[in-house]
Structures are given as C-alpha cells and as structure tokens.
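J.: Residue numbers (full-length UniProt numbering), protein chains in the order written: chain A, 1 to 413; chain B, 1 to 413.
Backbone N, C-alpha and C fix where the C-beta goes; we use that ideal spot for every residue, glycine too.
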C-alpha cells in the first residue's frame with residue numbers, strides 16, 4: 001500500500017472509531033451501548049447508512065443483527081461473513097466489538113474500491129449483542145444466526161429495570177417478523193477482528209495474532225461453614241475459622257496454577273465472609289474459583305485435584321464444605337487452516353505476529369462450532385479492557401484492517 | 001449453706017434473671033437495653049426499687065450509674081464496690097452484665113440478712129454502660145467513676161439515629177447536675193462477677209475462675225493494592241493478584257498464632273475485595289487482624305513479626321501494602337491478692353476452679369488501673385455470648401453468687 005493510502009486509512013479509522021463511540025458516550029469518555037437501548041438503535045441505523053454509502057446491500061434480521069453485503073460474481077457460493085458486535089459493557093471502551101465491525105466495513109470498502117466485485121460474496125456484520133450487559137444472556141447476535149438461540153430463549157428475560165426482553169426488542173423494531181428470521185445456513189466462514197483484552201501481544205512486541213483456540217472455563221463457588229466465635233475468648237485450637245481455611249485453600253490452588261506453567265489460569269475473584277467484623281472468628285466464608293485453559297482435560301485434571309484438595313483441607317480443619325460448579329464452557333478450537341493462512345500472510349508482510357489462545361470469550365466461539373472461524377487480535381495497551389481506558393494504537397488498528405484486507409482478498413477474489 | 005437456703009437462692013436467681021431480662025425483651029427472647037433508652041430507664045428505676053427493698057441506701061450519679069449502699073460500722077474506711085453493667089448489645093443475652101449486677105445485689109442482701117451490718121461499707125453498682133452498642137464509646141459507667149472519662153468526652157457523640165449523647169442523657173434525667181458527679185475517690189476495691197463468654201471453663205469442667213489479667217488487643221487493617229485484570233487473558237506470571245497475596249498472608253499469620261501455643265489469639269475477621277467479581281483478578285483486597293494476649297511484649301513481638309512478614313510478602317508479590325494500627329489496648333493485670341483469695345476460698349469449698357486470663361474486655365479493666373480489682377467468672381454454655389442463646393446453668397450462677405458471698409464476707413466483716 002502507498003503511504004498516502006495508509007494515511008487515509010488511519011484517518012478513516014480514527015474518525016470511524018470516534019464516530020461510533022459517540023453513540024452512547026459516557027461522562028468518563030467511555031461508551032454505554034446496551035442491546036436495544038436508544039444509543040444502540042441510533043448506532044445500528046447510522047451504521048446501516050454508512051454501509052449503504054459504501055455501496056453494500058443493507059439489511060437487518062429479526063433480532064437486530066445488521067448486514068452489509070457485497071455480492072460475489074459466483075453468487076451461489078456461501079457467504080464470507082466478517083464483523084463483530086455493536087454492544088458494549090456499561091461504561092466500556094471504544095474498541096471492544098466496535099473495532100471489529102469498523103475494521104470489516106473499512107476492509108470490504110477498500111477491497112471494493114480497489115478490486116471491484118469479489119468472486120465470493122462478502123458480508124459485513126454488526127452483531128446485535130455479545131456482552132450480556134443488559135439482559136442475563138450473552139452472544140444473542142451470533143447465537144441467533146447459528147441457531148444456538150431461538151427467540152423464545154430470551155423473550156421472558158428482564159433487564160435490571162424490569163423491562164422485558166421482548167418489549168425492548170419490539171420497541172427497537174425487531175422480533176415482530178418485519179425482518180427475515182436470523183438463522184442462516186449460507187455462511188462459509190466467519191472472520192472476526194478484535195482487541196486482545198490482554199497484555200501478551202504488547203509485552204512480546206507483537207502487533208497481530210491469529211487465535212487458535214478460545215479457552216474453556218469452569219467456575220465454582222466454595223462455601224465453608226465453621227463456627228462464629230468471640231475473637232478474644234476462643235483459644236486457637238478450639239476454632240473453626242473459615243477465613244483461615246479459605247486462605248489456605250486459595251493460597252494452595254493459585255500456587256498450583258502458577259506452578260503448572262501450562263497456560264492454565266485460575267482466579268479467586270470474589271470472597272464473602274460472615275459476620276465480617278474484626279472481632280469475631282468468622283463462621284462462614286465463600287469464594288469463587290474461575291479456571292481456564294484451551295484443553296478440556298487440562299481443566300478437568302486441575303479442577304478435579306482442586307476439589308479433592310479443598311475437601312481434604314476442610315476435613316482437616318473440621319469445617320464443612322459445599323462446592324458448586326456453576327459454569328462449564330468447553331474450549332472452542334478455531335479453524336486451523338484460516339489461522340495458518342492469516343499467520344503466514346502476516347509473516348510475509350513482516351508484521352510481528354504469533355498464534356495464540358484467547359482467554360476471553362468472543363462471538364467467534366459461537367461461530368467456531370458452526371463454521372470455519374478465524375479470530376484475529378490486535379494489541380490492547382496495558383491489557384486494559386471493559387473500561388474507558390481501553391486503548392489500541394492507531395498503527396495497530398491499521399495493521400488489523402490491513403491483515404483483514406489481505407485475508408479477505410485471498411479468500412474472496 | 002443449708003439446702004433450703006440454696007434452693008431459695010436458686011429460685012431468687014432464676015426469678016431475678018428473668019425479671020431483669022423483661023426490660024428490653026426482644027422477639028427472639030433476647031434483650032436489647034441500650035444506654036439511656038426506655039428499657040434501660042425502666043430497668044434502672046426498677047433496680048433502684050429492688051435495692052431499696054433490700055435495705056440499701058440508693059442513689060444515682062449524674063451519668064446514670066446506680067448504687068445501693070450497705071454502710072459499714074467503720075464508716076470512714078473506703079468502699080468495697082461490687083457489680084457489673086446494666087446495658088446489653090442489640091439482641092443480646094440475659095446474663096452478660098445483668099448477672100453480675102444481680103449476683104452482687106443477692107450476695108449483699110444475703111450477707112445483710114445473715115450477718116447484719118458489715119465493718120466496711122459495701123456498695124452494689126449497676127454501671128450504666130459498658131458495651132458501646134448505642135453510642136461510639138464504651139465503659140462509660142466505669143470510666144466516669146474512675147475519672148477516665150469526663151462528660152465532655154461523650155457530649156458530642158450521636159447514635160445511629162442521629163440522637164446526640166447529651167440529649168439522650170438529659171432526656172433520661174442525667175447530665176443536668178441533679179445527681180452527684182460520678183467521679184469517686186473513696187473506693188477500696190472493685191469486685192465483678194461475669195459470665196466467661198468463652199468455652200474454656202465448660203470444656204475443662206471448671207465452674208468458677210478468678211481472672212488474673214484482661215488481655216491487651218491490637219487491631220490492624222492491611223490494605224493491598226495490585227492490579228485488576230481480566231481473569232482469562234492475564235497470564236499467571238503477569239498478575240498482581242491481591243486475593244492470592246492476602247490468602248498467603250492470612251494463612252501464614254494465623255498458622256504462626258496456632259503454632260505459638262502461648263495463649264495468644266489472632267483473628268482475621270473481615271475481608272473486603274474489589275471489584276469482587278468472579279472473572280476479574282482482584283486489584284484490591286483489605287483484611288483486619290486482631291491480636292490478643294495478656295502480655296504486651298508477646299503481642300508486640302507477634303505483631304512486629306507479622307508486619308515485617310506482610311511487607312516482605314507484598315514486596316515479593318509486587319503488590320503495594322498499607323498497614324494501619326487502629327487499636328492498641330494494653331493488657332490489664334488485676335489484683336493478684338484478690339485473685340488468690342478468691343481462688344483459695346473456692347478450692348476450700350471444693351469448687352472446680354482455676355485462675356485464667358480474660359480474652360474479652362470488661363469494666364474490671366477500667367477499675368483495674370484505678371483500684372485493686374477482682375473479676376470472677378462462671379461458665380458460658382458452648383461459649384456463646386452476645387446472643388439470645390447465651391446461657392449459664394442455674395447451678396453455676398449459684399456458685400458465682402456463693403463465691404461472691406464468701407469473698408465479700410472475708411473482706412467486709
């Protein structure tokens with residue numbers, strides 16, 4: 001690409017990111033754009049207009065996914081779908097989801113301008129929902145396209161203000177049959193560009209990655225019940241101190257994850273103590289454990305040992321224990337051929353790159369068990385995400401779009 | 001004592017405990033009697049009447065302490081003061097404080113009936129406040145008598161409803177100069193009977209104890225600041241996980257207290273985590289540490305080592321640490337002669353007894369640095385206190401009164 005074109009792409013990117021962030025902009029210079037809310041509606045309408053201006057054929061489906069189609073000359077071949085999600089967390093950043101939508105739109109726009117109609121049809125998608133930040137459901141957009149969700153799965157849900165999902169959807173103009181049903185069976189592959197939401201690329205001075213797997217996750221709550229006692233009058237050897245027991249369990253399980261050095265991550269993010277006052281030996285303590293890896297057997301071995309260790313530690317401490325597994329999401333392998341293709345294109349272009357595992361969930365994990373899927377990362381500065389401080393350098397955003405252009409060109413032309 | 005007399009004392013005790021518990025009785029069959037509240041006022045007035053019926057000279061002081069005086073024939077000798085506090089915690093039990101007041105009243109009544117006027121003046125006291133459960137001040141009764149408190153120390157305080165201390169006191173009829181100022185300089189010694197609030201006596205099948213020391217306490221808050229990060233995308237070796245660091249610190253410090261086996265007790269009773277969600281590596285965690293022993297140097301050695309260990313552990317974990325000491329109450333030795341006298345009287349009477357340290361605070365610790373003081377314990381069933389389930393067997397209550405009769409007889413007649 002010429003310097004001039006590159007400069008223009010950066011300008012377009014900067015402008016597009018700030019433009020989309022203006023829909024739902026918060027006091028903290030963050031973005032709150034929740035499924036079917038007013039900012040979301042304005043953003044989807046404005047994106048539809050922008051797609052139209054790029055010469056794409058625009059349509060919504062009946063759950064609010066937005067597509068911009070560049071028909072291929074071999075029109076009957078299935079569609080190459082590329083995009084990401086439009087919604088954000090509450091007071092999130094400008095890049096998570098939004099960058100993937102805009103990268104796809106700019107990439108397809110550049111391809112059309114430079115090479116005209118592709119052989120295979122390209123579609124840009126702004127998925128309606130991924131974050132689960134308004135209603136207690138996530139991946140609503142990708143799940144509706146792939147058939148993982150039916151409309152009835154969400155209809156009865158309510159947001160925190162008591163608004164029913166069905167009412168919010170219909171108020172936004174969807175769910176009434178005015179648009180085609182969301183489920184598709186004409187998709188050849190899905191390609192998503194996203195910010196890493198981690199610090200790995202930046203630390204390793206890589207600027208781009210092809211994701212090979214999205215990790216599986218198990219989440220547990222461990223509840224310990226001992227005996228609340230007077231902190232002054234209860235001798236050490238007469239205590240059933242649940243905080244002490246929890247501390248030993250947490251120290252042990254996290255140390256095991258550290259020592260494994262196999263990419264497994266384990267997190268105790270929430271602790272609840274009762275009565276939680278300084279001068280009472282605490283009779284109750286619960287904590288969560290989140291375990292992630294891209295191989296099921298690694299997760300299962302780790303969690304199986306953790307559960308056995310916790311029970312033994314509780315028995316020794318004379319404390320009763322209850323262990324509840326409340327999430328068990330399997331790892332999703334993405335398409336190895338697409339990952340290798342992206343990786344080799346990046347190497348050829350001299351871009352510092354790697355193949356890696358995604359520790360966060362993405363729409364690609366829904367598409368991954370439905371069609372060949374590629375997830376492509378650009379760095380997140382300091383690994384910050386879901387925050388107004390989320391940031392990716394313009395140079396890195398541009399790399400993301402350039403790589404998408406190369407990949408789509410290879411696949412569609 | 002004759003069986004008949006003993007039976008009568010038990011009957012009187014049972015009746016008196018239930019009678020006093022009726023002032024401020026709660027739905028849970030507990031007692032809520034807070035300084036200067038309506039139940040407190042009715043209880044002090046009823047107690048004054050009861051003291052009067054026992055032939056004692058009754059008076060209040062200007063903070064609401066209630067005294068019943070049995071004048072001695074050697075009238076100029078300083079007073080032997082005996083009693084405990086009238087107030088309770090919110091939804092507390094029938095015994096904490098109340099038993100000590102009633103034991104003293106019944107003991108002096110029995111002595112007067114059996115032996116007439118003593119040589120040395122005996123005074124029964126119902127101290128107005130010890131628990132600190134209404135206003136943010138405790139030991140208001142004993143502190144006012146000993147001069148540890150002036151009225152101005154409390155005047156500006158407010159309870160949780162915004163009622164000013166001075167208004168509550170005046171509404172109850174005190175703090176207006178209608179009664180003598182509380183500070184006394186005519187007290188020879190103070191003798192308090194109290195429930196143990198611990199399980200030691202019951203476990204060891206002792207039914208009575210003379211307390212040698214009230215423990216000192218230090219309380220700390222340890223605040224750790226690391227970095228909140230995505231639980232999926234942050235590798236184990238890139239975390240500044242404050243819950244993991246806190247778990248190692250807590251496990252280490254409580255283990256040290258367990259291993260010391262020197263009577264020191266250490267408690268982590270409160271933990272606060274932020275953001276406290278399962279899927280975020282927690283960037284902030286604070287916990288409290290409560291350390292008690294009856295020797296200052298033991299507390300200081302333990303806490304000094306704990307602080308040094310915490311700092312080292314934080315440094316190794318790359319986490320910043322702030323340690324605040326917000327309580328440092330010195331141990332209070334009680335009068336060794338009075339303790340020995342009580343102990344030998346109990347042994348002579350064949351009562352299973354011991355000398356012990358009190359891990360809880362009591363009015364005796366305020367009197368202890370002012371005049372020779374004895375604190376005498378009866379068992380607490382299961383060590384439960386500050387609860388409607390607080391319970392001491394009638395046999396044990398009777399032992400407490402009998403021992404008080406013996407001791408007062410020895411000192412006053």
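1) Measuring only the C-alpha atoms, how far is residue 2/A from residue 88/A?
2) Does the stretch 52–70 of chain B come into contact with the stretch 11–24 of chain B, if we say contact requires no fewer than three beta-carbon pairs (one atom in each stretch) closer than 8 Å?
3) To the nearest angstrom, how far is the alpha carbon of residue 406/A from that of residue 192/A?
4) Could you have a look at residue 83/B and say whether DSSP puts it in helix, strand or coil?
5) Tell me whether residue 400/B sits in a helix, a strand or coil according to DSSP, three-state version.
6) If you run the structure through DSSP and keep just helix, strand and coil, what is residue 204/B?
7) Select from 51/B, 62/B, 373/B the residue whose C-alpha is nearest the C-alpha of residue 189/B.
8) From the DSSP output, in three-state form, read off residue 186/B for me.
9) Judging by CA-CA distance, which residue of 283/A, 327/A, 298/A is the nearest neighbour of residue 278/B?
10) Just confirm the distance between the C-beta atoms of residue 334/B and residue 211/B, as a whole number of angstroms; I'd bet it's less than 8 Å.
11) Run the CB neighbour count on residue 160/B, radius 10 Å, all protein chains shown included, and call it buried at 16 or more, exposed below.
12) Tell me where the beta strand (DSSP E) around residue 265/A begins and ends.
13) Give the secondary structure of residue 197/B by DSSP, where H, G and I count as helix, E and B as strand, and everything else as coil.
14) What residues from the stretch 187–207 of chain A come within 9 Å of chain B, judged by C-beta to C-beta, listed N to C?
15) Three or more C-beta pairs closer than 8 Å, one from the stretch 317–331 of chain A and one from the stretch 394–402 of chain A: is that the case here?
16) Note down, in chain order, every chain A residue with its Cβ under 7 Å from the Cβ of residue 142/B.
17) In its own chain, which residues sit with a C-beta less than 8 Å from the C-beta of residue 311/A, not counting the 5 before and 5 after it?
18) In its own chain, which residues sit with a C-beta less than 6 Å from the C-beta of residue 60/A, not counting the 5 before and 5 after it?
19) With distance defined between alpha-carbon atoms, name the residue in 219/A, 77/A, 130/A, 114/A nearest to residue 101/A.
20) Below 8 Å between beta carbons is the criterion; list the residues of the stretch 26–49 of chain B that meet it against any residue of chain A, in chain order.
21) Given this structure, state the Cα-to-Cα distance separating residue 357/B from residue 294/B, to the nearest angstrom.
22) Could you give the uninterrupted runs of the alpha helix (DSSP H) lying entirely in the stretch 287–334 of chain A, keeping only those of 4 residues or more?
23) Of all the CB atoms in chain A, is at least one closer than 8 Å to the CB of residue 230/B?
24) So with Cβ pairs under 8 Å, would you call residue 238/B a contact of chain A?
25) Does DSSP put residue 377/A in a helix, in a strand, or in coil?
26) Strictly below 7 Å CB to CB, what residues from chain B border residue 270/A?
27) Pull out every residue of the stretch 244–255 of chain B whose Cβ sits closer than 7 Å to any Cβ of chain A, in chain order.
28) Is it right to say residue 177/A is buried, meaning 16 or more other beta carbons lie within 10 angstroms of its own, or is it exposed?
29) Are residue 414/A and residue 238/B close, meaning C-beta to C-beta below 8 Å?
30) Identify whether residue 210/B lies in helix, strand or coil by the three-state DSSP scheme.
31) Got a sec? Which residues, its chain only, sit under 6 Å from residue 144/A by beta carbon, not counting five neighbours each side?
32) How would you label residue 233/B, buried or exposed, when you count the other beta carbons within 10 angstroms and need 16 or more for buried?
33) Listed in chain order, which residues of the stretch 396–409 of chain B have Cβ atoms closer than 7 Å to some Cβ of chain A?
34) Is it the case that the Cβ atoms of residue 205/A and residue 352/A are separated by a distance below 8 Å?
35) Report the neighbours of residue 385/A on chain B: residues whose CB is nearer than 7 Å to its CB, in chain order.
36) Is it buried or exposed, residue 397/B, if we count other Cβ atoms within 10 angstroms and call 16 or more buried?
T.: With the structure as the only source:
1) As a working mapping, residue 2/A is identified with position 2 in the first chain. As a working mapping, residue 88/A is identified with position 88 in the first chain. With a pLDDT of 44 at residue 2/A, under the threshold of 50, the modelled position of this residue cannot be trusted; read the value that follows with caution. In this structure, the straight-line span from the alpha carbon of residue 2/A to that of residue 88/A is close to 34 Å.
2) Two segments are said to touch when three or more pairs of C-beta atoms, one from each, lie closer than 8 Å; by this definition the stretch 52–70 of chain B does not touch the stretch 11–24 of chain B.
3) To locate residue 406/A, count along the first chain from 1; it is residue 406. To locate residue 192/A, count along the first chain from 1; it is residue 192. Distance between residue 406/A and residue 192/A, taken at the CA atoms: about 14 Å.
4) What you label residue 83/B is simply residue 83 of the second chain in a count that begins at 1. Here residue 83/B sits in strand by DSSP.
5) The sequence position of residue 400/B within the second chain is 400, counting from 1. Here residue 400/B sits in helix by DSSP.
6) Position 204 of the second chain holds residue 204/B. Of the three classes helix, strand and coil, the one that applies to residue 204/B here is coil, per DSSP.
7) The sequence position of residue 189/B within the second chain is 189, counting from 1. Nearest option by C-alpha distance: 373/B.
8) The count along the second chain starts at 1 and reaches residue 186/B at position 186. Three-state result, residue 186/B: coil.
9) Walking along the second chain from the start, residue 278/B turns up at place 278. Ranked by Cα distance from residue 278/B, the options 283/A, 327/A, 298/A are led by 327/A.
10) Residue mapping note: residue 334/B aligns to position 334 of the second chain, counting from 1. Residue mapping note: residue 211/B aligns to position 211 of the second chain, counting from 1. Residue 211/B and residue 334/B do touch by the CB rule: their CB atoms are close to 6 Å apart, below 8 Å.
11) Position 160 of the second chain, counted from the start, is the residue given in the question as residue 160/B. Exposed: under 16 other Cβ atoms inside 10 Å.
12) One-based indexing of the first chain puts residue 265/A at position 265. Residues 265–267.
13) Locating residue 197/B in the second chain gives position 197, where the first residue counts as 1. In the structure shown, the three-state DSSP call for residue 197/B is coil.
14) Listed by position along the chain: 196, 197, 198, 199, 200, 203.
15) Short answer: they don't touch.
16) Taking the second chain and counting its residues from 1, one reaches residue 142/B at position 142. Chain A residues near residue 142/B: none, gap ~18 Å exceeds 7 Å.
17) Here residue 311/A refers to the residue found at position 311 when the first chain is read from its first residue. For residue 311/A, where only same-chain residues beyond five positions count, the Cβ hits under 8 Å are 321, 323.
18) Against the first chain, residue 60/A aligns to sequence position 60. Beyond the five residues adjoining it in sequence on each side, residue 60/A comes within less than 6 Å, by CB distance, of 66, 179 in the same chain, given in chain order.
19) Numbered from 1 along the first chain, position 101 holds the residue referred to as residue 101/A. Considering only alpha carbons, the answer is 130/A.
20) So nothing in the stretch comes that close.
21) Mapped onto the second chain, residue 357/B falls at position 357. Mapped onto the second chain, residue 294/B falls at position 294. Each residue's Cα considered, the two are about 7 Å apart.
22) Correct list: 296–317.
23) Mapped onto the second chain, residue 230/B falls at position 230. It does: the Cβ of residue 230/B has a partner Cβ on chain A nearer than 8 Å.
24) Counted from its first residue, the second chain places residue 238/B at position 238. Yes - at least one Cβ of chain A is within 8 Å of the one on residue 238/B.
25) Translated into the one-based positions of the first chain, residue 377/A becomes position 377. Strand, per DSSP.
26) Mapped onto the first chain, residue 270/A falls at position 270. 273, 276, 277, 278, listed in chain order.
27) Using a CB distance below 7 Å, the part of the stretch 244–255 of chain B facing chain A consists of 244, 247, 248, 250, 251, 254, ordered along the chain.
28) As a first step, residue 177/A is located in the first chain; it is residue number 177 there, counting from the start. Burial call: exposed.
29) This structure cannot settle anything about residue 414/A, because the visible part of chain A is limited to 1 through 413.
30) Here residue 210/B refers to the residue found at position 210 of the second chain. In this structure, residue 210/B counts as strand in the three-state DSSP scheme.
31) For the purposes of this step, residue 144/A is taken as residue 144 along the first chain, with counting starting at 1. So the qualifying residues of the chain are 63, 182.
32) The count along the second chain starts at 1 and reaches residue 233/B at position 233. The Cβ neighbour count for residue 233/B, taken over all protein chains shown within 10 Å, is at least 16; the residue is labelled buried.
33) Using a CB distance below 7 Å, no part of the stretch 396–409 of chain B faces chain A.
34) Reading the first chain from its first residue, position 205 is the one you call residue 205/A. Reading the first chain from its first residue, position 352 is the one you call residue 352/A. Between residue 205/A and residue 352/A, the gap from beta carbon to beta carbon is short of 8 Å.
35) Taking the first chain and counting its residues from 1, the one referred to as residue 385/A is at position 385. Within chain B, 230 have C-beta atoms less than 7 Å from the C-beta of residue 385/A, given in sequence order.
36) Numbered from 1 along the second chain, position 397 holds the residue referred to as residue 397/B. With 16 or more Cβ atoms within 10 Å of its Cβ, residue 397/B is classed as buried.
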